[in-house]
Amino acid sequence: MLHANDGSEHAFHALSLALAVAKQNNSELHMVSVEEIDYMPEFIEEVREETGSAARRFHGVLQRARAIAEESHVKLHTHVVAGHPVRDIVKLAADLNVDLLVIGATGHSALYERMVGSRADRIMQLRC
Numbered sequence: 032m033l034h035a036n037d038g039s040e041h042a043f044h045a046l047s048l049a050l051a052v053a054k055q056n057n058s059e060l061h062m063v064s065v066e067e068i069d070y071m072p073e074f075i076e077e078v079r080e081e082t083g084s085a086a087r088r089f090h091g092v093l094q095r096a097r098a099i100a101e102e103s104h105v106k107l108h109t110h111v112v113a114g115h116p117v118r119d120i121v122k123l124a125a126d127l128n129v130d131l132l133v134i135g136a137t138g139h140s141a142l143y144e145r146m147v148g149s150r151a152d153r154i155m156q157l158r159c
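Straight run, no breaks: the sequence shown in the numbering used here ends on number 159.
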């Protein structure tokens, strides 16, 4: 099972649901946080720097998630990625061969999502 978390309260609500399902099924949970960056292949060094920055930015999110998982007695594996949220979440789900993806419907960019379409909607439309 994979949970995508952007640090929003909606994401933490989804985390609670994912932990409940994991506990009920006696399984472990993977959580991914993706820092969105625009990049081109010729700027790969900047991408590496952004990955380190993303880990620092999501430090509080990861700590909070680990504490909640520990209270739930569920093993949580965390992943931080710098890149394209939809593409990287779907790629990680495929790489981990997960059978369930748990995401919140509204994140930090609610206004953008209403105007352009939510990432949750785009993820649901992609084949994992």
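All C-beta atoms in this analysis are idealised placements derived from N, C-alpha and C, irrespective of residue type, glycine included.
> Considering only C-alpha positions, which residue in the set Ser58, Ser39, Leu132 and Asp126 is nearest to Ala100?
Replying inline: Mapped onto the sequence shown, residue 100 falls at position 69. Among Ser58, Ser39, Leu132 and Asp126, the Cα nearest to that of Ala100 is on Ser58.
> So His110 and Leu123 are in contact, right, with Cβ under 8 Å, and what is the actual spacing, rounded?
Replying inline: Counting from one through the sequence shown, the residue named residue 110 turns up at place 79. Counting from one through the sequence shown, the residue named residue 123 turns up at place 92. Going by Cβ atoms, the distance from His110 to Leu123 rounds to 6 Å, so yes, they are a contact pair.
> Taking Cβ to Cβ, would you say Asp119 is nearer than 8 Å to Val65?
Replying inline: Residue 119 sits at position 88 when you count from the first residue of the sequence shown. Residue 65 sits at position 34 when you count from the first residue of the sequence shown. Cβ distance < 8 Å, so Asp119 and Val65 count as in contact.
> In terms of residues, what are the limits of the beta strand (DSSP E) holding Gly52?
Replying inline: Start at 1 with the first residue of the sequence shown, and residue 52 comes out as number 21. Strictly speaking, residue 52 in this sequence is Val, with Gly absent from that position. Per DSSP, Val52 belongs to no beta strand (DSSP E); it is in the alpha helix (DSSP H), Glu40 to Gln55.
>> Within 10 Å of its beta-carbon, does His61 have 16 or more other beta-carbons around it, so buried, or fewer, so exposed?
In response: Reading the sequence shown from its first residue, position 30 is the one you call residue 61. Counting Cβ neighbours within 10 Å, His61 comes out buried, since at least 16 surround it.
> Quick one: what does DSSP say Leu131 is sitting in, helix, strand or coil?
Replying inline: Translated into the one-based positions of the sequence shown, residue 131 becomes position 100. DSSP places Leu131 in coil when its eight states are reduced to three.
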